[in-house]
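Accompanying notes for the structure given below.
There are 2 protein chains.
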Amino acid sequence: MTGRSVTITEVARHAGVAVSTVSYVLSGKRTISADTRRRVLDSISTLGYHPHAGARALASKRSNVIALVLPLRAGMHVPVLMRFASAVVTAARTYDHDVLLLTADEGTDGIRRVAASALVDAFVLMDVELDDRRVPLLRDLAKPSVLIGFPAETAGLTCVDLDFAASGAQCVAHLAERGHDTIALLGAPAVVYERGTGFARRTREGFVAALAGSGVSGVALPCEETFDEVYETVGDLLRDQPGLSGLVVHNEAAVGHVLSALRQLGRRVPQDVAVVAICPDDVAERASPPLTSVLIPAEEVGREAVRLVMDKLAGKVVPMSTLLTPHLVLRAST
Amino acid sequence: MTGRSVTITEVARHAGVAVSTVSYVLSGKRTISADTRRRVLDSISTLGYHPHAGARALASKRSNVIALVLPLRAGMHVPVLMRFASAVVTAARTYDHDVLLLTADEGTDGIRRVAASALVDAFVLMDVELDDRRVPLLRDLAKPSVLIGFPAETAGLTCVDLDFAASGAQCVAHLAERGHDTIALLGAPAVVYERGTGFARRTREGFVAALAGSGVSGVALPCEETFDEVYETVGDLLRDQPGLSGLVVHNEAAVGHVLSALRQLGRRVPQDVAVVAICPDDVAERASPPLTSVLIPAEEVGREAVRLVMDKLAGKVVPMSTLLTPHLVLRAST
DNA sequence: CCCGGTCATCGAAGCGCTTCGACACCCCAA
DNA sequence: TTGGGGTGTCGAAGCGCTTCGATGACCGGG
Chain R
1 MTGRSVTITE VARHAGVAVS TVSYVLSGKR TISADTRRRV LDSISTLGYH
51 PHAGARALAS KRSNVIALVL PLRAGMHVPV LMRFASAVVT AARTYDHDVL
101 LLTADEGTDG IRRVAASALV DAFVLMDVEL DDRRVPLLRD LAKPSVLIGF
151 PAETAGLTCV DLDFAASGAQ CVAHLAERGH DTIALLGAPA VVYERGTGFA
201 RRTREGFVAA LAGSGVSGVA LPCEETFDEV YETVGDLLRD QPGLSGLVVH
251 NEAAVGHVLS ALRQLGRRVP QDVAVVAICP DDVAERASPP LTSVLIPAEE
301 VGREAVRLVM DKLAGKVVPM STLLTPHLVL RAST
Chain G
335 MTGRSVTITE VARHAGVAVS TVSYVLSGKR TISADTRRRV LDSISTLGYH
385 PHAGARALAS KRSNVIALVL PLRAGMHVPV LMRFASAVVT AARTYDHDVL
435 LLTADEGTDG IRRVAASALV DAFVLMDVEL DDRRVPLLRD LAKPSVLIGF
485 PAETAGLTCV DLDFAASGAQ CVAHLAERGH DTIALLGAPA VVYERGTGFA
535 RRTREGFVAA LAGSGVSGVA LPCEETFDEV YETVGDLLRD QPGLSGLVVH
585 NEAAVGHVLS ALRQLGRRVP QDVAVVAICP DDVAERASPP LTSVLIPAEE
635 VGREAVRLVM DKLAGKVVPM STLLTPHLVL RAST
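Line by line, the protein sequences are chains R and G.
If you count the first sequence from 1, position 327 lands on 327 in the working numbering, and the numbers rise without skipping.
If you want the working numbering, it's the 1-based position in the second sequence plus 334.
Have a look at this one:
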């Protein structure tokens, strides 16, 4: 076992300077001569000093920890959520911050608690619903926050996400361009729409709105995640829409099933039915055939969320709304 | 915005007692008269007091935070990992602790850093490899830790997991009982075995060892996660092992593909091929047909890991190794 | 040669809490 | 009546850090 931990006092004594000098070397808040700085840094590394997080938080009123609020709701695709989460952790570290993980079961009390106890400096919230219970709380919290996703009413909030409406529209445009005039959107499970999850609804709205402008006819359906249900949905679709030749799939868990179902129903991709997905790159690449897709840039969104929250902590004014432009990548399925 | 936060001094003044009395009411470390306790608790709730986490950590040498070390390695099934993680967070809250999330990209330095800075009191590590780089570090860390999973050398560690060897054996026994004499194990992707991930190897060992005792012949193969690869693997298997009538699948992501592949290859489940899975309950239930399975008790493992780490923090002696007994649940696939 | 102004450093206060020893009080046994 | 042993409460020290004001050394200009 490693012994008692080294304090700033011991570093100061070892370097022959005052405690405050060590502190200023670390924070850079006052000028320190090159010579002194070097001596202090040497002492720090030979003694293996790490500032005590609690003491620092107490004296500076900053914990250097941000909370990541990650409810794991039914129907959400966990691997995608974790890519966001992972990106948030990595980005936070580049600002010398750590990440406290909050899940749903404590409800909004968890948010209130960690804010009031000064455990964290700020919040990043994921899996935002249109009418999210957490939102009113954020408005009168003394700590900054950023949402990944958009609730219905964004006044007073900072939100960041992929522009899902534009993504839906871009898929329609792509299929129209390829000459498809009857298409469908297979979206998230019904429960996700009912709950009012922003990204699902916005994609659908973008999809529907774009149909009109492009002279394409199409329907938007929710889509469950078991093979049997997908098979049935796809079967019904092909029966009801005889001319159907294009499919937009916005459901990571169902993508594989959709392709299997088409195969079993005797439709070739892309010859008989063209398929565009809205999903992370690796999901699209691992499918067979590899899917033309609009990339969900999880890493970029996570990084951007952290950048925004750090700017807010630094007192900067940040845009209320950050919508990342979708990019469609051509692969073998269209 | 909520105003400046309430301190213990204000609570004490409001209740007409000393600061230390408030502290003792909260910690229960000294006897306090019922009357005083009530007055203090009233003041706390009317003022909305929450102890300052940093101050508490500084004075008590306990941060009430545990670190969850969760590398997201290739080939791991993220939804299952997140069930463990989620269970850890929930369990930690029942001990009044929060969870700091550490990912892989900082490597072992992250562990060292948060330990040295007293940001956390203890560690729970997931996704443990047989020869894990984090293990030697844990041995000379001054903080307790618990591993979810078993490395090759467990001396000086505390580990908890499902007994995967017994699980593999139990699947063999179940199929043998049903009269199947030629079976196969489809496991994790090859990369997971190569990396030396304990649970994958132990299941395979348990499976192979049980074959001998039960007079069943069988093979164990790694299994990738794309449909095409699964289809090929299953196809090869049926061709090379003509008498094959039982399959054990220990790969959450491939389960669905295996069933699709069997269907496409004209085999009915369970009439032609019986399938047993090792996976969380919901995955087994959502498959079609619902799968007979050995449950991976993520919630229980997470809870147990937290219980162990809290016992260690409390100075109790805990068992080095906790192996949860597997339970096979009968469903429609065998 | 003295004065004002940097620059580099120091000392001390204070952040909000826990914990230790002290003490006042009360009850009961001697 | 006195003494001893609990109870219940208080005051103060101290946890390790940041930050503010003060100070000394050194510079160039008048």
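We treat Cβ as the ideally placed atom computed from N, Cα and C, and that holds for glycine.
query	result
Using a Cβ cut-off of 8 Å (strictly closer), state whether R/His97 contacts chain G.	no
Run through chain G and tell me which residues come within less than 9 Å of R/Met320, C-beta to C-beta.	Within chain G, no residue comes near R/Met320; the closest Cβ sits about 17 Å away, beyond 9 Å.
Sort G/Gly649, G/Val583, G/Thr531 and G/Gly513 by Cα distance to G/Gln605 and report the nearest one.	G/Gly513
Would R/Pro144 be called buried (16 or more neighbouring beta carbons within 10 Å of its own) or exposed?	buried
To the nearest angstrom, how far is it from the Cα of G/Asp495 to the Cα of G/Val635?	6 Å
DSSP on R/Thr197, reduced to helix/strand/coil?	strand
If you measure from the beta carbon of R/Ala53 to each beta carbon in chain G, is any gap under 8 Å?	yes
Mind checking whether G/Ala518 and G/Gln575 have CB atoms under 8 Å apart?	yes
Flag G/Thr492 as yes if its beta-carbon sits less than 8 Å from any beta-carbon of chain R, otherwise no.	no
Under the three-state reduction of DSSP, which class applies to G/Glu463: helix, strand or coil?	strand
Any C-beta of chain R within less than 8 Å: which residues of the stretch 533 to 563 of chain G qualify?	Glu559, Thr560, Phe561 and Asp562
Judging by CA-CA distance, which residue of R/Glu10, R/Val80 and R/Val120 is the nearest neighbour of R/His50?	R/Glu10
So G/Arg407 and G/Asp461 are supposed to be a Cβ contact under 8 Å. How far apart are they, rounded?	6 Å
Using DSSP's beta-bridge definition, name the partner residues of G/Leu629.	G/Cys613
Which class does G/Ser669 belong to by DSSP, given the choice of helix, strand or coil?	Since the displayed chain G opens at 335 and closes at 668, residue 669 of chain G lies outside it and no answer follows.
Rounded to a whole number of angstroms, what is the C-alpha to C-alpha distance between R/Ala253 and R/Asp163?	21 Å
Can you pull the chain R neighbours of G/Ala524, defined as C-beta to C-beta under 7 Å?	Here the premise fails: no neighbours, minimum Cβ distance about 15 Å.
Does the distance from the CB of R/Val135 to the CB of R/Ala67 come in under 8 Å?	no
Quick one: is G/Ala522 buried, meaning 16 or more other Cβ sit within 10 Å of its Cβ, or exposed?	buried
Count the CB pairs spanning the stretch 282 to 296 of chain R and the stretch 309 to 318 of chain R that are closer than 8 Å, and state whether there are at least three.	no
Determine, using beta carbons only, whether R/Leu58 comes closer than 8 Å to chain G.	yes
At which residues does the alpha helix (DSSP H) containing G/Ile342 begin and terminate?	Ile342 to Ala349
Closer than 8 Å, CB to CB, is R/Asp121 near chain G or not?	no
Given a limit of 8 Å on CB to CB distance, which residues of the stretch 580 to 591 of chain G reach chain R?	Gly590 and His591
Counting only runs of 3+ residues fully inside the stretch 69 to 148 of chain R, write out the beta strand (DSSP E) ranges in chain order.	98 to 102, 122 to 125 and 145 to 148
Leaving out the 5 sequence neighbours to the left and right, which residues in its chain are closer than 6 Å to R/Met1 when beta-carbon positions are compared?	Because the pLDDT of R/Met1 is 48, which lies under 50, any placement of that residue in the model is unreliable, and the number read from its coordinates should be weighed accordingly. If we look at R/Met1 and ignore the five residues flanking it on each side, it has no Cβ neighbours.
Less than 8 Å between CB atoms is the rule here; does R/Arg73 satisfy it with respect to chain G?	no
Is the shortest distance between the beta-carbon of G/Ala639 and the beta-carbons of chain R less than 8 Å?	no
Less than 8 Å between the C-beta atoms of R/Pro280 and R/Leu324, yes or no?	no
Please classify G/Thr428: is it buried, with 16 or more other beta-carbons within 10 angstroms of its beta-carbon, or exposed?	exposed
Quick one: Cα of R/Val230 to Cα of G/Arg529, how far?	35 Å
Find the nearest neighbour of R/Val219 within the set R/Leu81, R/Gly256, R/Phe227 and R/Val172, judged by alpha-carbon distance.	R/Val172
Can you find at least 3 beta carbon pairs, one from the stretch 36 to 44 of chain R and one from the stretch 85 to 105 of chain R, that sit closer than 8 Å?	no
Who are R/Gly246's beta bridge partners in DSSP?	R/Ile183 and R/Ala274
Quick one: is R/His327 near chain G, going by C-beta distance under 8 Å?	no
Kindly indicate which three-state DSSP category R/Ser217 falls into: helix, strand or coil?	strand
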